[in-house]
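Protein chains: 2
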Amino acid sequence: MAKKITGNNQYLKELNKAAVLDLIRQKKTLSRKELADLTGLSPTACGSITRELIKDGFLYETGQGESTGGRKPVMLELKPNSYYAVGFDIGMNELKMVIADITASILLQRNFEYSPGISAEKVIALIRDKFFETIDSEKLSTDKFIGCGLSIPGILDRNTNKIIIAPNLSWNEVDLGTEVSEALGMPAFIENEAMCSAICEHWIGKCSNIENFICINIESGIGAGIFIGDSIYRGYTGSAGEIGHLIVRENGRPCGCGNRGCLETYASIRHMLEDINERIRKGYSSDAIKPGTGALTWSQAVDAAYNGDELCNEVLRKGAVYIGYAVAFLVNTLNPEAIVLGKCFTDYAPLVMDTLVETVNEKSLKYPVSKVRMLTSEFGMNSSALGAAMIPIRKIFGK
Amino acid sequence: MAKKITGNNQYLKELNKAAVLDLIRQKKTLSRKELADLTGLSPTACGSITRELIKDGFLYETGQGESTGGRKPVMLELKPNSYYAVGFDIGMNELKMVIADITASILLQRNFEYSPGISAEKVIALIRDKFFETIDSEKLSTDKFIGCGLSIPGILDRNTNKIIIAPNLSWNEVDLGTEVSEALGMPAFIENEAMCSAICEHWIGKCSNIENFICINIESGIGAGIFIGDSIYRGYTGSAGEIGHLIVRENGRPCGCGNRGCLETYASIRHMLEDINERIRKGYSSDAIKPGTGALTWSQAVDAAYNGDELCNEVLRKGAVYIGYAVAFLVNTLNPEAIVLGKCFTDYAPLVMDTLVETVNEKSLKYPVSKVRMLTSEFGMNSSALGAAMIPIRKIFGK
Numbered sequence: 001m002a003k004k005i006t007g008n009n010q011y012l013k014e015l016n017k018a019a020v021l022d023l024i025r026q027k028k029t030l031s032r033k034e035l036a037d038l039t040g041l042s043p044t045a046c047g048s049i050t051r052e053l054i055k056d057g058f059l060y061e062t063g064q065g066e067s068t069g070g071r072k073p074v075m076l077e078l079k080p081n082s083y084y085a086v087g088f089d090i091g092m093n094e095l096k097m098v099i100a101d102i103t104a105s106i107l108l109q110r111n112f113e114y115s116p117g118i119s120a121e122k123v124i125a126l127i128r129d130k131f132f133e134t135i136d137s138e139k140l141s142t143d144k145f146i147g148c149g150l151s152i153p154g155i156l157d158r159n160t161n162k163i164i165i166a167p168n169l170s171w172n173e174v175d176l177g178t179e180v181s182e183a184l185g186m187p188a189f190i191e192n193e194a195m196c197s198a199i200c201e202h203w204i205g206k207c208s209n210i211e212n213f214i215c216i217n218i219e220s221g222i223g224a225g226i227f228i229g230d231s232i233y234r235g236y237t238g239s240a241g242e243i244g245h246l247i248v249r250e251n252g253r254p255c256g257c258g259n260r261g262c263l264e265t266y267a268s269i270r271h272m273l274e275d276i277n278e279r280i281r282k283g284y285s286s287d288a289i290k291p292g293t294g295a296l297t298w299s300q301a302v303d304a305a306y307n308g309d310e311l312c313n314e315v316l317r318k319g320a321v322y323i324g325y326a327v328a329f330l331v332n333t334l335n336p337e338a339i340v341l342g343k344c345f346t347d348y349a350p351l352v353m354d355t356l357v358e359t360v361n362e363k364s365l366k367y368p369v370s371k372v373r374m375l376t377s378e379f380g381m382n383s384s385a386l387g388a389a390m391i392p393i394r395k396i397f398g399k
Numbered sequence: 001m002a003k004k005i006t007g008n009n010q011y012l013k014e015l016n017k018a019a020v021l022d023l024i025r026q027k028k029t030l031s032r033k034e035l036a037d038l039t040g041l042s043p044t045a046c047g048s049i050t051r052e053l054i055k056d057g058f059l060y061e062t063g064q065g066e067s068t069g070g071r072k073p074v075m076l077e078l079k080p081n082s083y084y085a086v087g088f089d090i091g092m093n094e095l096k097m098v099i100a101d102i103t104a105s106i107l108l109q110r111n112f113e114y115s116p117g118i119s120a121e122k123v124i125a126l127i128r129d130k131f132f133e134t135i136d137s138e139k140l141s142t143d144k145f146i147g148c149g150l151s152i153p154g155i156l157d158r159n160t161n162k163i164i165i166a167p168n169l170s171w172n173e174v175d176l177g178t179e180v181s182e183a184l185g186m187p188a189f190i191e192n193e194a195m196c197s198a199i200c201e202h203w204i205g206k207c208s209n210i211e212n213f214i215c216i217n218i219e220s221g222i223g224a225g226i227f228i229g230d231s232i233y234r235g236y237t238g239s240a241g242e243i244g245h246l247i248v249r250e251n252g253r254p255c256g257c258g259n260r261g262c263l264e265t266y267a268s269i270r271h272m273l274e275d276i277n278e279r280i281r282k283g284y285s286s287d288a289i290k291p292g293t294g295a296l297t298w299s300q301a302v303d304a305a306y307n308g309d310e311l312c313n314e315v316l317r318k319g320a321v322y323i324g325y326a327v328a329f330l331v332n333t334l335n336p337e338a339i340v341l342g343k344c345f346t347d348y349a350p351l352v353m354d355t356l357v358e359t360v361n362e363k364s365l366k367y368p369v370s371k372v373r374m375l376t377s378e379f380g381m382n383s384s385a386l387g388a389a390m391i392p393i394r395k396i397f398g399k
């Protein structure tokens, strides 16, 4: 709107600063002349903005670029290790911490285990303790931190910025952002876990040049983070992406949501593992699963599948078929450029990707499915913590 | 981006003109002072823009508003009957035409029947003949037309602006926009039929203040038009909204798309009518459907349902249940503010709305479903033609 353009110079300057930073981020290195050409800003305005950004430690001058005639230009780049962000992924039995600088380079990654059922208060204390321990030992100063991102396995309300419900944590109505912000002394932003993974894919992963994509996380639940028009899509009140309750079988298995036949009951790792262990309890054995083997863990089941066990492969493939149903509906409905599957899915992707792609091709309309790229995340279980750390970083680039 | 703000005054002026027009559209009537306050434009800039808009016939001065102290201000409104747009909905056996002015007031509406299987060439000739006949008899001049919108029951490619496939018309790869534009001598825009209905709901219907909503059309097929962030959502290549092929029954009925158990095979009016007539053929009768009655038409079947016929009610209700499954997935995945159901659905909405809402409540997650409004369109079969006419109109308001 015109108001922003003519009425508020400070706002405009901040917008232009973010635009300058984002251009340098995308192009990696730019001269002041190239910046002025690309932004349409006057050389004076460009000079003033870059001077401030250098002074504040966001940019630095780095050697000289190619000359296009006269003097070789000085090049500008994002300054590494000047400002940091911290991201936390709050899982059912583990807190993952990531510290990254504004170039999105990962400084460190740590995991801290806890027992399921942990209270929000204890998680906040753990975040505070582990954060300050870590920056002390790394000799980082808090005033170098631009903010904190928090990945939550649950539904958030964008208006109140609270956690509405996080079933796997048994948390309701928690104002985690405010409390962590106070504990760490920096801005803190909460975000749904699958959306954090989508942010990770968009900022540093396979979807960095993709405007419309869906990131699907397979874990004990199944959720999606959606990007539309190069922006996070959260929906009317912030709960978009809950794809795990698509009914894939009428009158199918009972689900925790109260319905029957939900995608999660066939394709989440919790339910797939239950299926496998139930058959083992009933006496199933194979070359990979010897008689008398007790209940398998997830990684044992995946290993058995890689070792050719039929049951484990069958269950994983059946899960992939049902994920294919959901993906097909998403392809038909949203016509995305890419679908990226991650978290536990990366553990067994090589075993089921053919089945999944075949199902998606078969169950989607020909035109949209011919346009979509099916991808596997390269970040495995770390995508949400990485994405959480990127939330404050994105903000300085105006995203 | 900064470029637009500082580098291109003509572009900026057009943006400001559109913003001024859109504000007046939304507020119905505004003084120059109110406009300057709301836009942040200087009184001089505001005066210059409104002067041009009055000269060009988009605005007019209308009496005097409430004084807030000094002289009573002159008020500005959109000028009715100054510029028009024409919309065509190309159906399987009928062309619907709508002419509206820039205030979105409908000047006339006409329907022209034809036989199924009509060629694109014949439809273009019909559009040309009927348009010129009509404006001659209405004494309208073509230079008062800002453009034409075309509603197409098929998949479009936004890059080539062509129809990829329109199954019910048996058209492939038709460049209808270009050809109609040449035939009528004005810009012509093609748009998917369900998206045209969504545009209608957003511009003049129940969703005019709703940023995120989904408009679902039930006809011989089932499709959706999606608005996200107050804008049309088309997806990566323009085919978003094809919800009719959600698999609601594994290994269910065969569908024209090659799959089995698609939503359309249970809930489209074509299939519901087939179900009813098959039972009648097998001897079904009731108080509303006497023995010996032949195959029913759609409107006879709906009448029978209103007259209490059990079979017709059962089939319509079953269709509504399956639509409920699709709506529930859309609610979980996109967390929209509203779902509006239209086209043939308006014929029987009073009979099934309870069943539909009950299913959606049952099959969705509690939080997003508590936020969604379930609506029925007020435009019936006319929503696509009306929406098509709104496409060129929206453009002068910068949409």
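Order-wise, the sequence lines are chains W and E.
Heads up: the first sequence is residues 1 to 399, going by the numbering used here.
Heads up: the second sequence is residues 1 to 399, going by the numbering used here.
Each residue gets a CB set at the ideal place from its N, CA and C atoms; glycine is no exception.
Since this is a predicted model, take the numbers as computed values, not measurements.
(1) Does Cys-148 of chain W come out as helix, strand or coil in the three-state DSSP assignment?
(2) Alpha carbons only, please: which of W:Gly-91, W:Ile-90, W:Leu-108 is nearest the one belonging to Val-98 of chain W?
(3) Quick one: list the residues of chain W neighbouring Cys-257 of chain E, beta-carbon separation under 7 Å, in chain order.
(4) Which partner residues of Gly-342 of chain W appear in the DSSP bridge assignment?
(5) For the ligand ADP, is there a heavy atom less than 8 Å away from the beta-carbon of Ala-125 of chain E?
(6) Under a three-way DSSP split, which group does Gly-225 of chain W fall into?
(7) In this structure, how does DSSP classify Val-315 of chain W when only helix, strand and coil are distinguished?
(8) Should Val-357 of chain W be flagged as near chain E, meaning a C-beta pair shorter than 9 Å?
(9) What whole-angstrom Cβ distance do Ser-220 of chain E and Asn-168 of chain E have, given they're in contact under 8 Å?
(10) Spatial neighbours of Glu-94 of chain W within its chain, please: CB distance less than 6 Å, with the 5 preceding and 5 following residues excluded, ordered by chain position.
(11) For a test of the three-state rule: what should DSSP assign to Leu-95 of chain E, helix, strand or coil?
(12) Let me see if you follow: with CB-CB separation under 9 Å, is Phe-329 of chain W close to chain E or not?
(13) DSSP three-state label for Phe-88 of chain W, please.
(14) With burial defined as no fewer than 16 other Cβ atoms inside 10 Å of the residue's Cβ, what is the status of Asp-287 of chain E: buried or exposed?
(15) What does the alpha-carbon distance come out to for the pair Gly-380 of chain W and Ile-199 of chain W?
(16) Any idea if Ala-125 of chain W is buried or exposed, counting beta-carbon neighbours within 10 angstroms, 16 or more meaning buried?
(17) Would you tell me roughly how many angstroms separate the C-alpha atoms of Glu-337 of chain E and Ile-216 of chain E, rounded to the nearest one?
(18) Quickly, what does DSSP pair Asp-101 of chain W with across the bridge? List them, please.
(19) Which chain C residues are close to Gly-241 of chain E, counting only those with a beta carbon under 7 Å from its beta carbon?
(20) Since Arg-249 of chain E meets chain W, which of its residues come closer than 8 Å, beta carbon to beta carbon?
(21) Taking its Cβ as the centre, do 16 or more other Cβ atoms sit within 10 Å of Pro-392 of chain W, making it buried, or is it exposed?
(22) With 9 Å set as the bound, which would you pick, yes or no: does the beta-carbon of His-245 of chain E sit closer than that to a beta-carbon of chain W?
(23) Just how far apart, CA to CA, sit Val-357 of chain E and His-271 of chain E?
(24) Taking its Cβ as the centre, do 16 or more other Cβ atoms sit within 10 Å of Arg-394 of chain W, making it buried, or is it exposed?
(25) Would a check of beta-carbon distances place Thr-237 of chain E closer than 9 Å to chain W?
(26) Buried or exposed: where does Tyr-419 of chain W fall if 16 or more other Cβ atoms within 10 Å of its Cβ makes it buried?
(27) When you compare each of E:Thr-333, E:Val-372, E:Ala-328 to Thr-359 of chain E by their alpha carbons, which one comes out closest?
(28) Which word fits Ser-268 of chain W, buried or exposed, when buried means at least 16 other C-beta atoms lie within 10 angstroms of its C-beta?
(29) Could you say which of E:Lys-399, E:Lys-343, E:Pro-350, E:Met-374 lies nearest to Pro-153 of chain E if we only look at CA atoms?
(30) For Val-340 of chain E versus Lys-206 of chain E, is the C-beta distance shorter than 9 Å?
(31) Counting only Cβ pairs nearer than 9 Å, list the residues of chain E close to Pro-291 of chain W.
(32) Give the residues of chain E in contact with Ile-163 of chain W, contact being defined as C-beta atoms less than 8 Å apart.
(33) Based on the DSSP output, what are the partners of Pro-254 of chain W in its beta bridges?
(34) So which residues on chain W does Tyr-325 of chain E lean against when the C-beta distance must stay under 9 Å?
(35) Could you give the first and the last residue of the continuous beta strand (DSSP E) run that contains Arg-110 of chain E?
(36) Measure the CB-CB distance between Ala-320 of chain W and Cys-312 of chain W and report whether it falls below 9 Å.
The answer reads as follows:
(1) Numbered from 1 along the first sequence, position 148 holds the residue referred to as residue 148 of chain W. Three-state DSSP puts Cys-148 of chain W in a strand.
(2) Here residue 98 of chain W refers to the residue found at position 98 of the first sequence. It is W:Leu-108 whose Cα lies nearest to the Cα of Val-98 of chain W.
(3) If you number the second sequence from 1, residue 257 of chain E lands on position 257. Going along chain W in sequence order, the residues near Cys-257 of chain E (Cβ under 7 Å) are Leu-365.
(4) Position 342 of the first sequence, counted from the first residue, corresponds to residue 342 of chain W. Per DSSP, W:Asn-217.
(5) This structure simply doesn't include the ligand ADP, nor any ligand for that matter.
(6) Translated into positions along the first sequence, residue 225 of chain W becomes position 225. Of the three classes helix, strand and coil, the one that applies to Gly-225 of chain W here is strand, per DSSP.
(7) In the first sequence, counting from the first residue as 1, residue 315 of chain W sits at position 315. Helix, per DSSP.
(8) The residue you call residue 357 of chain W lines up with position 357 of the first sequence. Closer than 9 Å: no.
(9) Here residue 220 of chain E refers to the residue found at position 220 when the second sequence is read from its first residue. Here residue 168 of chain E refers to the residue found at position 168 when the second sequence is read from its first residue. That pair is a contact at about 6 Å.
(10) For the purposes of this step, residue 94 of chain W is taken as residue 94 along the first sequence, with counting starting at 1. Once the five neighbours on either side are set aside, the close Cβ partners of Glu-94 of chain W are Asn-111, Glu-113.
(11) Taking the second sequence and counting its residues from 1, the one referred to as residue 95 of chain E is at position 95. It is a strand residue.
(12) Mapped onto the first sequence, residue 329 of chain W falls at position 329. Closer than 9 Å to some Cβ of chain E, the Cβ of Phe-329 of chain W qualifies, so yes.
(13) Residue mapping note: residue 88 of chain W aligns to position 88 of the first sequence, counting from 1. If DSSP states are grouped into helix, strand and coil, Phe-88 of chain W belongs with the strands.
(14) Counting from one through the second sequence, the residue named residue 287 of chain E turns up at place 287. Answer is exposed; the Cβ neighbour count stays below 16.
(15) Taking the first residue of the first sequence as position 1, residue 380 of chain W is located at position 380. Taking the first residue of the first sequence as position 1, residue 199 of chain W is located at position 199. Spanning the two alpha carbons is a distance of roughly 14 Å.
(16) Along the first sequence, read from residue 1 onward, the residue named residue 125 of chain W stands at position 125. Exposed, since its Cβ has fewer than 16 Cβ neighbours within 10 Å.
(17) Here residue 337 of chain E is taken as the residue at index 337 of the second sequence, counted from 1. Here residue 216 of chain E is taken as the residue at index 216 of the second sequence, counted from 1. Distance between the alpha carbons of Glu-337 of chain E and Ile-216 of chain E is about 14 Å.
(18) Working through the first sequence from its first residue, we reach residue 101 of chain W at position 101. Beta-bridge pairing links Asp-101 of chain W to W:Tyr-84.
(19) Within the model displayed, chain C is absent; protein chains W and E are what it includes.
(20) For this step, residue 249 of chain E is matched to residue 249 along the second sequence. What Arg-249 of chain E touches in chain W: Glu-250.
(21) Position 392 of the first sequence, counted from the start, is the residue given in the question as residue 392 of chain W. Flag for Pro-392 of chain W reads buried.
(22) Within the second sequence, numbered from 1, the residue matching residue 245 of chain E stands at position 245. Taking Cβ atoms only, chain W reaches closer than 9 Å to His-245 of chain E, which makes this a yes.
(23) Walking along the second sequence from the start, residue 357 of chain E turns up at place 357. Walking along the second sequence from the start, residue 271 of chain E turns up at place 271. Taking the straight line joining both Cα atoms gives about 22 Å.
(24) On the first sequence, position 394 is the one that residue 394 of chain W refers to. Under this definition Arg-394 of chain W is a buried residue.
(25) Translated into positions along the second sequence, residue 237 of chain E becomes position 237. Yes, contact with chain W.
(26) Residue coverage of chain W in this structure runs from 1 to 399, which leaves residue 419 of chain W outside it and unanswerable.
(27) Taking the first residue of the second sequence as 1, we reach residue 359 of chain E at position 359. Per the Cα distances, E:Ala-328.
(28) In the first sequence, counting from the first residue as 1, residue 268 of chain W sits at position 268. By the 10 Å Cβ count, Ser-268 of chain W comes out buried.
(29) Position 153 of the second sequence holds residue 153 of chain E. Minimum Cα distance to Pro-153 of chain E is reached at E:Lys-343.
(30) By one-based count along the second sequence, residue 340 of chain E stands at place 340. By one-based count along the second sequence, residue 206 of chain E stands at place 206. Cβ distance < 9 Å, so Val-340 of chain E and Lys-206 of chain E count as in contact.
(31) Within the first sequence, numbered from 1, the residue matching residue 291 of chain W stands at position 291. Simply none; closest approach about 34 Å.
(32) Against the first sequence, residue 163 of chain W aligns to sequence position 163. What Ile-163 of chain W touches in chain E: nothing, since even the nearest Cβ is about 11 Å away.
(33) For this step, residue 254 of chain W is matched to residue 254 along the first sequence. According to DSSP, which records beta bridges pairwise, Pro-254 of chain W is partnered with W:Arg-260.
(34) Indexing the second sequence from 1 puts residue 325 of chain E at position 325. The contacting residues are Leu-246, Ile-247, Glu-250.
(35) Position 110 of the second sequence holds residue 110 of chain E. Residues 106–113.
(36) By 1-based counting over the first sequence, the position of residue 320 of chain W is 320. By 1-based counting over the first sequence, the position of residue 312 of chain W is 312. Not a contact, by the Cβ cut-off of 9 Å.
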